[in-house]
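Colleague:
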Amino acid sequence: TALGNDRAGTWIRSRLDSELSDLEAIELDLPSDRSTIVVDAGGENFIVSGVACSDAFDPIAQTALSRRIAFGDILVCQANLRVAAIDACLLAAQQNGARTVLNASPVDAAALPDFGLAQLLVVNQSEAKALTGQDDMSAAADALAAKGAGTVVITLGAEGCLVLGPDRVGSLRLPAPRVEALDTSGAGDVFCGCLAGGLAKGMSVVPALKFALAAAAIAVTRPGTMISCPSASEMAALIDRTELS
C-alpha cells in the first residue's frame, strides 16, 4: 500500500503495524488519502475522499509486485487506483497463479478495469446498478458475469449478499447476522478483506462469504472505519464459528 509523508500516514502505519507482522508500504511525498464521512441517523454514509496517493501509486513499478506474487496468493484490488494500474496488478497475479479479487469501488462506469481478470468481483447494490442499469440484483449479477468476471458477489447491506458462481446456474443469497447498525462506514472494506482472509485460510467461497458477513456485522455496530474493524483475535474466533457448508 502507499502512504503519504504526513501525520495521517504515520498514524495509519502504526495502526496497521499493531495488527500485521509483514506490512509493506511505500511512502510518497504526498498527503495521505483521507475521507470525510457523513453518517445519517440510520447509520448510512456519504463519503468525500482525497486520492493523491492512489492516483500516484503504481504497485508494479514502485514495489516490484509482479516478482513477489506467488502461486496460490490472493491479490485484492479496489478501484481507487488508476485503471491501468489495477489491470497490471490483476494480470501479474493471474500470470503468477494467484487468485484475484476485485472490489470495483468507487465505481466509474466510464473507466472500468478489465473484469475478465477478476476471478471474484465484489460490488454493492448501488455499484451493481450503476454498472448494469439493472434494479434486480440477480439480473445485475448476470450482467456483470457477462462482462467477464468469474464469481460475482453483490453486497446487500443488512440483507447479506448475493453470489453468482462461474457455472452461472443461478445466484445464491446469503443472509447477514441481524444487528443494530450504528455506522456502516467501512463495512464493505471489512467484508472484502475478510472474504480474502477466509479464502487464504482455505475456505471455499460460500464459507468465506459467511465469515465476511459476520465480520462486517460486527463493524457496523461500531463508529468509524479502521477502528471499527474486528481485531485479529475477534476474526480468529469468527473463523472458528463459521459454518463450512
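According to the numbering used here, numbering within the sequence shown proceeds without interruption in unit steps and concludes at 252. Glycine included, C-beta positions come from ideal geometry on N, C-alpha and C.
Pairing CB atoms from the region 191–205 with CB atoms from the region 151–158, are three or more of them under 8 angstroms?
Modeller: The region 191–205 is not in contact with the region 151–158.
Colleague: Which residue's Cα is closest to the Cα of Arg48: Ala222, Thr191, Pro214 and Ala219?
Modeller: The amino acid at residue 48 is misidentified as Arg; the sequence shows Ala. Answer by Cα proximity: Thr191.
Colleague: Between the Cα of Ile180 and those of Glu187, Ala165 and Val186, spot the shortest distance and give me the residue it belongs to.
Modeller: Position check: residue 180 holds Arg in this sequence, whereas Ile was assumed. It is Ala165 whose Cα lies nearest to the Cα of Arg180.
Colleague: What residues in its chain sit with their C-beta under 6 angstroms from that of Ser42, if we drop five residues either side in the sequence?
Modeller: Closer than 6 angstroms at Cβ, skipping near neighbours: Ile54 and Ser56.
Colleague: Pull up the DSSP beta-bridge partners for Glu34, would you.
Modeller: Leu10, per the DSSP bridge assignment.
Colleague: Among Pro173, Asp142 and Lys136, whose alpha-carbon lies nearest the alpha-carbon of Gly123?
Modeller: It is Pro173 whose Cα lies nearest to the Cα of Gly123.
Colleague: Taking only three categories from DSSP, how would you classify Gln126?
Modeller: Coil, per DSSP.
Colleague: Under three-state DSSP, which class holds Cys201?
Modeller: It is helical.
Colleague: Restricting to Cα atoms, I'd like to know which of Ala148, Leu119 and Arg229 is closest to Asn131.
Modeller: When each option's Cα is compared against that of Asn131, the closest is Ala148.
Colleague: Are Cys84 and Leu119 closer than 7 angstroms when you measure CB to CB?
Modeller: Their beta carbons are not under 7 angstroms apart, which means Cys84 does not touch Leu119 by this criterion.
Colleague: Over the uninterrupted alpha helix (DSSP H) stretch that includes Leu163, give me the two end residues.
Modeller: Per DSSP, Leu163 belongs to no alpha helix (DSSP H) and is neither H nor E.
Colleague: Answer yes or no: do Ala125 and Thr139 have a C-beta to C-beta separation smaller than 7 angstroms?
Modeller: No, the pair does not count as a contact, with Cβ atoms beyond the cut-off.
Colleague: What would DSSP say about Leu179, mapped onto helix, strand or coil?
Modeller: It is a strand residue.
Colleague: With H, G and I counted as helix, E and B as strand and the rest as coil, what does DSSP make of Ser252?
Modeller: With a pLDDT of 46 at Ser252, under the threshold of 50, the predicted position of this residue should be treated as unreliable, and no value is reported.
Colleague: Considering Cα atoms alone, identify which of Ala150, Met242, Ala105 and Pro184 is closest to Ala77.
Modeller: It is Ala105.
Colleague: Spatial neighbours of Ser252 within its chain, please: CB distance less than 7 angstroms, with the 5 preceding and 5 following residues excluded, ordered by chain position.
Modeller: Bear in mind that the predicted position of Ser252 carries a pLDDT of just 46, short of 50, making it too unreliable to give a figure here.
Colleague: Are the Cβ atoms of Ala150 and Ala137 separated by less than 7 angstroms?
Modeller: No, the Cβ-Cβ distance between Ala150 and Ala137 is not below 7 angstroms.
Colleague: Pop quiz: Ala9 and Phe64 are said to be a contact at Cβ under 8 angstroms. What is the actual Cβ separation, rounded to whole angstroms?
Modeller: Yes, Ala9 and Phe64 are in contact; Cβ-Cβ is about 4 angstroms, under 8 angstroms.
Colleague: Assign Cys84 to one of three DSSP states: helix, strand, or coil.
Modeller: If DSSP states are grouped into helix, strand and coil, Cys84 belongs with the strands.
Colleague: May I have the straight-line CA-CA distance separating Asp94 from Ala59, to the nearest angstrom?
Modeller: Distance between the alpha carbons of Asp94 and Ala59 is about 19 angstroms.
Colleague: In the DSSP assignment, find the beta strand (DSSP E) that holds Val108 and state where it starts and stops.
Modeller: Segment Arg106 to Asn110, the beta strand (DSSP E) holding Val108.
Colleague: Tell me whether Cys236 sits in a helix, a strand or coil according to DSSP, three-state version.
Modeller: Here Cys236 sits in coil by DSSP.
Colleague: If you check the beta carbons only, do Ser133 and Ser178 fall under 7 angstroms apart?
Modeller: Result no, Cβ atoms of Ser133 and Ser178 do not sit closer than 7 angstroms.
Colleague: Spatial neighbours of Asp142 within its chain, please: CB distance less than 7 angstroms, with the 5 preceding and 5 following residues excluded, ordered by chain position.
Modeller: Contacts found: Lys136.
Colleague: Please name the residue, chosen from Gly205, Gly167, Leu171 and Leu37, that lies closest to Ala152 on a Cα-to-Cα basis.
Modeller: Of the candidates Gly205, Gly167, Leu171 and Leu37, the one whose C-alpha sits nearest the C-alpha of Ala152 is Leu171.
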